[in-house]
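Asker: Chains as they are written, first to last, in the working numbering: chain L, 10 to 121; chain F, 6 to 117. Take a look at this one; I'll ask things after.
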Amino acid sequence: SQTIHQWPATLVQPVGSPLSLECTVEGTSNPNLYWYRQAAGRGLQLLFYSVGIGQISSEVPQNLSASRPQDRQFILSSKKLLLSDSGFYLCAWRGQGTYEQYFGPGTRLTVT
Amino acid sequence: QKEVEQDPGPLSVPEGAIVSLNCTYSNSAFQYFMWYRQYSRKGPELLMYTYSSGNKEDGRFTAQVDKSSKYISLFIRDSQPSDSATYLCATNRGSTLGRLYFGRGTQLTVWP
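Below you can see the structure in the form of structure tokens.
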């Protein structure tokens, strides 16, 4: 069966510090991968998606970036965090030929 | 107009009640419809997934889609305190990119 992991689970970082969040998927090949942010009281905002290694599309211009160095690994990064980057970051995957997405446990980021 | 509209609630019902959660969408190109359940501080979990108009039943849960009125519903029978969560509806166009459009979620509390 497929499993999706995210780490760390929680993170508290000062403004201006760098960020690296990691997501890995097990039990499937060539998944589509997605990064979302969920702010308190707001819906899910799609940040990035990837259809393959090294292929990243951005939905929202901001100081975040994403990379996919391996088939089942997706990384969200920032060089300098802003207060507005605080939120709940979710990684999701979708299998080829399907339409439903499966989410990871999330990373709660607080920028102070 | 937002792609998917969902009343955020909160909704509070007694144990054993029938719960009705609803969403409307604006684009007739949407073809696939999903309901996710999200417990506090957890990632969303896929509950139901349907393609066609009509009803799909899974245990105490029934997903209903009316494409003519662009209306989707989730019914929960014999609701339990463990059903207390935020429920998100989602839909997509069936494109290869698989982008999902989410409602903002309805917060449900089932009290004993």
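C-beta: ideal position from N, C-alpha, C; glycine also. Here the structure is a predicted model, which means the values were calculated and not measured.
Spell out the partners DSSP gives ALA95 of chain F in its beta bridges.
Answerer: F:MET39 and F:PHE107
Asker: Can you confirm whether the segment 31–51 of chain F touches the segment 86–98 of chain F when touching is taken to mean that 3 or more C-beta pairs between the two stretches lie within less than 8 Å?
Answerer: yes
Asker: Tell me whether the beta-carbon of PRO117 of chain F lies closer than 8 Å to the beta-carbon of GLU20 of chain F.
Answerer: yes
Asker: The segment 96–114 of chain L: which residues have C-beta closer than 7 Å to a C-beta of chain F, in chain order?
Answerer: LEU99, ARG103, TYR108, GLU109, GLN110, TYR111, PHE112, GLY113 and PRO114
Asker: Ordered along the chain, which non-local residues of its own chain (more than five positions away) have a Cβ less than 7 Å from that of THR33 of chain L?
Answerer: Same-chain partners within the cutoff: HIS14, ARG81 and GLN82.
Asker: For PRO23 of chain L and LEU90 of chain L, I'd like the C-alpha separation in whole angstroms.
Answerer: 7 Å
Asker: For TYR92 of chain F and LEU79 of chain F, which I take to be in contact (beta-carbon distance under 8 Å), what is that distance rounded to the nearest angstrom?
Answerer: Between TYR92 of chain F and LEU79 of chain F, the beta carbon gap of about 6 Å places them in contact (Cβ cut-off 8 Å).
Asker: Straight-line CA distance for THR55 of chain F to LYS61 of chain F?
Answerer: In a straight line, the C-alpha of THR55 of chain F is about 7 Å away from that of LYS61 of chain F.
Asker: Report the rounded CA-to-CA distance for LEU26 of chain F versus VAL69 of chain L, giving the unit in angstroms.
Answerer: Each residue's alpha carbon lies about 29 Å from the other.
Asker: Which partner residues does LYS61 of chain F have in the DSSP bridge list?
Answerer: F:ALA68
Asker: According to the neighbour-count rule (16 or more other Cβ atoms, all chains shown, within 10 Å of its Cβ), is PRO86 of chain F buried or exposed?
Answerer: Under this definition PRO86 of chain F is an exposed residue.
Asker: I need the DSSP call for LEU30 of chain L, collapsed to helix, strand or coil.
Answerer: Under the three-state reduction of DSSP, LEU30 of chain L is assigned to strand.
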